[in-house]
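S.K.:
Chains as they are written, first to last, in our numbering: chain A, -5 to 584; chain B, -5 to 584.
1. My parser needs the beta strand (DSSP E) runs of 3 or more residues fully inside the region 141 to 172 of chain B; what are they?
2. Leaving out the 5 sequence neighbours to the left and right, which residues in its chain are closer than 7 Å to residue 214 of chain B when beta-carbon positions are compared?
3. What is the DSSP secondary structure of residue 473 of chain A, counted as helix, strand or coil?
4. Can you pull the chain B residues whose beta carbon is under 8 Å from the beta carbon of residue 92 of chain A, in chain order?
5. Going along the region 63 to 74 of chain B in order, which residues come within less than 8 Å of chain A, judged by CB to CB distance?
6. Just the chain B side, please: which residues come within less than 8 Å of residue 34 of chain A by C-beta, in chain order?
7. What do you get for residue 475 of chain A, buried or exposed, if any count of 16 or more other CB atoms within 10 angstroms of its CB means buried?
8. Specify the secondary structure class of residue 435 of chain A as computed by DSSP and reduced to three states.
9. Does the region 37 to 57 of chain A touch the region 54 to 63 of chain B, meaning 3 or more C-beta pairs lie closer than 8 Å?
10. Use the C-beta contact count for residue 110 of chain A: other C-beta atoms within 10 angstroms, 16 or more gives buried, fewer gives exposed.
11. Chain B beta carbons: is any one of them nearer than 8 Å to that of residue 46 of chain A?
12. Going by DSSP, what residues sit across from residue 451 of chain B in a beta bridge?
13. Quick one: is residue 199 of chain A buried, meaning 16 or more other Cβ sit within 10 Å of its Cβ, or exposed?
14. If you follow the beta strand (DSSP E) that residue 203 of chain A is part of, which residue opens it and which one closes it?
15. Assuming contact is defined by CB atoms lying nearer than 8 Å, are residue 586 of chain A and residue 359 of chain A in contact in what I supplied?
16. Rounded to whole angstroms, what's the CA-CA distance from residue 558 of chain A to residue 150 of chain A? Just pull it up for me.
17. Decide yes or no for the touch test of the region 314 to 329 of chain B against the region 278 to 287 of chain B: beta carbon pairs closer than 8 Å, at least 3 of them.
18. Since residue 387 of chain A contacts residue 220 of chain A with CB under 8 Å, what's their CB separation in whole angstroms?
19. Flag this pair as yes or no: are the beta carbons of residue 513 of chain B and residue 521 of chain B separated by less than 8 Å?
20. Please list, in chain order, all residues of the same chain as residue 281 of chain B whose beta carbon is under 6 Å from its beta carbon, the five residues on each side excluded.
21. Starting from residue 49 of chain B, follow its DSSP beta bridges and name the residues at the other end.
22. In chain B, what lies closer than 9 Å to residue 41 of chain A by C-beta?
23. From A:339, A:74 and A:210, pick the residue whose C-alpha is nearest to that of residue 373 of chain A; which is it?
24. Assign residue 11 of chain B to buried or exposed, taking buried as 16 or more other Cβ atoms, counted over all protein chains shown, within 10 Å of its Cβ.
25. In the structure shown, what three-state DSSP assignment does residue 388 of chain A receive?
26. State the Cα-Cα distance for the pair residue 234 of chain A and residue 313 of chain A, rounded to the nearest angstrom.
27. Name the residues in the region 16 to 35 of chain B whose C-beta lies less than 9 Å from a C-beta of chain A; which are they?
28. Mind checking residue 492 of chain A: buried by the 16 CB within 10 Å criterion, or exposed?
29. Please classify residue 576 of chain A as buried or exposed, where buried requires at least 16 neighbouring CB atoms within 10 angstroms.
30. Could you compute how far the alpha carbon of residue 301 of chain B sits from the alpha carbon of residue 217 of chain B?
31. By the 10 Å Cβ neighbour count, where 16 or more other Cβ atoms means buried, how is residue 536 of chain A classified, buried or exposed?
32. So with Cβ pairs under 8 Å, would you call residue 466 of chain B a contact of chain A?
33. Are any of the Cβ atoms in chain B nearer than 8 Å to that of residue 131 of chain A?
34. What residue range is occupied by the uninterrupted alpha helix (DSSP H) comprising residue 71 of chain A?
35. I want to verify the contact list: residues of chain B whose CB lies under 7 Å from the CB of residue -1 of chain A, in sequence order.
36. Out of A:127, A:519, A:265 and A:31, point me to the one whose CA is closest to residue 457 of chain A's CA.
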């Protein structure tokens, strides 16, 4: 392909509203262009990356035995009402009324549609197990699209759904997808961490996310550097070490302090000139519609999944101010654990504090020097908060670290959540009608593109992994108007194309500086420069985007030499994928 | 792939509401499934066909020098207002209001988005010519989706757009797409007719449609069996032969007849007991907002494009009853050409009539025996009607035939319609800022699938063309529980897969009759039956879906024998594509 035909609108300036490296460089390299908030056009270079990712995904899904289909974006809202997610999705679900007066949802995901399909078409255990997938456009009414193509209103997703007859089959289907995901991300050449994820209140006992570490990422990963424990923040457990129960160390009674209008932890602690870590906040939730309270250290965050589990509930919502006042008798902002009338759970970190600042359950009043276990009972002490940097690992006790990450994949044992709600059953080998057991598996296709740039860039531009680069090689004739230079370039182009190498030729009549800058910006792995001077000296310049310096190869045998370099790199990448697979199998065997 | 893993829900019964063969067989063969009105899921077999069509399209678009990109479905309605099509598209344009209170259109096509893109990114003649394309989902609020996947609310389209500096460049871009389309349909193995199509009032002097003849088709094609003239009905010209001007052949004056409440041609002619072909209807239009009238034979249909051109107008709409009465002084249903006050054009067929029944421009009155040229002037006699079966060819005068067809492709010289409306200009080689010259080129991807079935089926099911069949070969072990049978089947499967043949194996434990019926229904070109009896006799049965009878090949060398048959067929298909290309080039050279 010639640069002049490909529409590659590179730009020098950093776009005004772009901060994330993937956003900045994908725009500057002319790979994507914003049409509206959260809606991006993939220009030819960007589209090629997307398409290479799709090809890898497809190959690995087929290898894992999944069958591809394609479901519509236009979905009857009735299916969402059947599954019970019409309310849950809320505003995120784009809806429109069409001419027939029907209300149609634009699919944000396809659990409902596939369950509807399978409940009609799969009737017997003989048809199981089966895994179906599609690569399809999803729509979500993101209130705040951001970071370029990372969070948009329209995006490509690979979504797969497994249907199994029993939990053993589900485990096998889940493992096959888990392994396929590893291979996909390995082959795409992006770094990733697999973390345990929250699996939600209904169905399913296992869920993993595939995260690419990045400061742009909106997900938070808690990781142990000593063992292989990693989880997203919602899921991460906290080791016991930091939370040994304390005994009262003081006989001094607590003291009432007037805190006029100070309601937040920050306001109260600033006013009292104490660190937030010496205070505790009492939060009220409705667990299965019943009011409950939790006490969390001032500088910690409550983890709703842990709170929900602590009370054995299947739903949990934060109580509003009116409810709080009604059930505690005290105004929001001044709540405390002493003499509270509703069920109370205490986070382990609070139980370990010698004394604590809490609300007095009365307007403009807080209490100092309250001793846990002395001034309020420690009947229900559990892990209720999000893990934070420095917390001990739940497996080995080492100090954990916290990182941001981009979620590129998610595998999830759904169990019977949808099949029960929507009546998707089959006849088992004994003739009993039972609900299908499901798993779902998603990959954010566009996010792989963004994550690859987040993980692979320098000050000058993108550094694409070879397997998903828009082109593998860029041929730069410095003086394309010189017939000898052009001929040498075209001869290499032909040789590469015949060898199955994706090659782009910068045929523009531009200054060398412009061409070199653009080459770095668009990040093609292999740059080959053909110049009048080089040809005179009998050499062609080769530079890998990952190398600091270029090297020369003899012009006469340049094609073979460069193809050999490429082949060596390809082999190295393939070997790495195999090594990782073997390592995973070994780890699993342990 | 194994049948048991692929989800192929064949069914014996013809679905209640399906009439078109493609609708019936795609449902019965388990290739598609309706989710809602005009929204279909492509099940694994159907998806494979779709994907093979996409692959062929992509290869030919790349070969023609077009660059692929991907534009969003979510489009700002502002762009539609800029182009002036917000009103034109009307109800077909699906719209929704998102959380940011913006109104978003779901793209029914992408002229607006691509013009917006290119006006920002292409600034100089040096960047031209360029052709961009995508394969993307379109949304249209079809009031009456029908014929299965032929007319739906959500469909895949390959849409390409060319941008050129002058009309010569446009011609070259147009020809490249025209030729690519021929190759695509040739390679897909579907029969097609290329017809001249109406190119609309603004911009562009050329437009062709690619039609697959089918009684299910909603388009009407007028074709000359003697020369190569073919056009869609809106565009088709009519030869002069049928319309020699007549001289008054009667001295009898016309006669007033009372026709109480008879307004339509049918009512009047039935009442007067005369054929509709002896009457004429006067129709009133607003041409560029000015009232005009045309006189058309009672059994003919006015052609709005021809009427518009007859009055040199760029817009044309039918006048409503109130306007008609206001501008003619006569009520709708009783209009006639005598003493009409607004500009009048007369269709050639009317001018050729010896006498005619027309309205009297007064309530409940018509006139009999009116002589064209005597009783009303024949100042403006032109071709104003749709061609019909039996009309003479405009090129050679032979009698034309009328066929129904499915439009699978459309190439269109747009000219400057969008670039002018949306301000998409470039600097030409003299530094002048002029509007880009555009072409647009569409292929209905799903329609190719449907058209292939319309053109390729028998009573038993689908007969896929080899290049787009979901699988090329179907291996049917009749007794898969017999290890020798299964082993022979698996050995062939392996050999085929290694040779790059798409192969499906019917591994179900079903009666031979069920397997044979399903094989015919899903229409895989090559069926290979392995049975206990055959193996005992040392033979394997081979049957082409297009052949009436099966034949036997020696089991020992079955793989090689069958691969040789396949290769011969493939070569034959490729040769046909080449022959057609040579024939087109020769025809063009004439």
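Even glycine gets a Cβ: it sits at the ideal position worked out from N, Cα and C. A quick note: this is a predicted structure, and the numbers were derived from the prediction, not measured.
M.R.: In terms of the structure at hand:
1. Counting only runs of 3 or more, we get 148 to 158.
2. If we look at residue 214 of chain B and ignore the five residues flanking it on each side, its Cβ neighbours are 226, 227, 396 and 398.
3. Looking at residue 473 of chain A - three-state DSSP - the assignment turns out to be coil, as it is neither helix nor strand.
4. Near residue 92 of chain A (Cβ distances below 8 Å), the residues of chain B are 88, 135 and 147.
5. Those would be 63, 64, 65, 66, 67, 68, 69 and 70, in chain order.
6. Ordered by position in chain B, the residues that pass the 8 Å Cβ test against residue 34 of chain A are 66.
7. Exposed, since its Cβ has fewer than 16 Cβ neighbours within 10 Å.
8. Three-state result, residue 435 of chain A: strand.
9. Yes: the two stretches touch, three or more of their Cβ pairs being nearer than 8 Å.
10. Classification for residue 110 of chain A: buried.
11. Not an interface residue.
12. Under DSSP, residue 451 of chain B takes part in a beta bridge, and its partners are B:456.
13. Classification for residue 199 of chain A: exposed.
14. Where residue 203 of chain A is concerned, the enclosing beta strand (DSSP E) stretches over 201 to 207.
15. Residue coverage of chain A in this structure runs from -5 to 584, which leaves residue 586 of chain A outside it and unanswerable.
16. Rounded to whole angstroms, the gap between the alpha carbons of residue 558 of chain A and residue 150 of chain A is 35 Å.
17. Contact holds: three or more Cβ-Cβ distances are below 8 Å.
18. About 7 Å; that satisfies the 8 Å criterion.
19. The answer is yes: Cβ separation under 8 Å.
20. So the list reads 305, 307 and 310, once near-sequence residues are dropped.
21. Its beta-bridge partners do not exist; DSSP assigns none.
22. Residues of chain B with a Cβ closer than 9 Å to the Cβ of residue 41 of chain A are, in chain order, 61, 62, 63, 64 and 128.
23. Cα-wise, what sits closest to residue 373 of chain A is A:339.
24. When all chains shown are included, residue 11 of chain B counts as exposed.
25. Coil.
26. Going by the C-alpha atoms only, they are around 29 Å apart.
27. Listed by position, the residues of the region 16 to 35 of chain B near chain A (Cβ gap below 9 Å) are 24, 27, 29, 30, 31, 32, 33, 34 and 35.
28. Classification of residue 492 of chain A: exposed, given that the 10 Å Cβ count is below 16.
29. Residue 576 of chain A comes out exposed.
30. Cα to Cα, residue 301 of chain B sits roughly 22 Å from residue 217 of chain B.
31. Flag for residue 536 of chain A reads buried.
32. So no, residue 466 of chain B is outside the interface.
33. Judged by the 8 Å Cβ criterion, residue 131 of chain A is in contact with chain B.
34. For residue 71 of chain A, the enclosing alpha helix (DSSP H) stretches over residues 71 to 77.
35. By Cβ distance, chain B contributes 59, 61 and 124.
36. Checking every option, the nearest Cα to that of residue 457 of chain A belongs to A:519.
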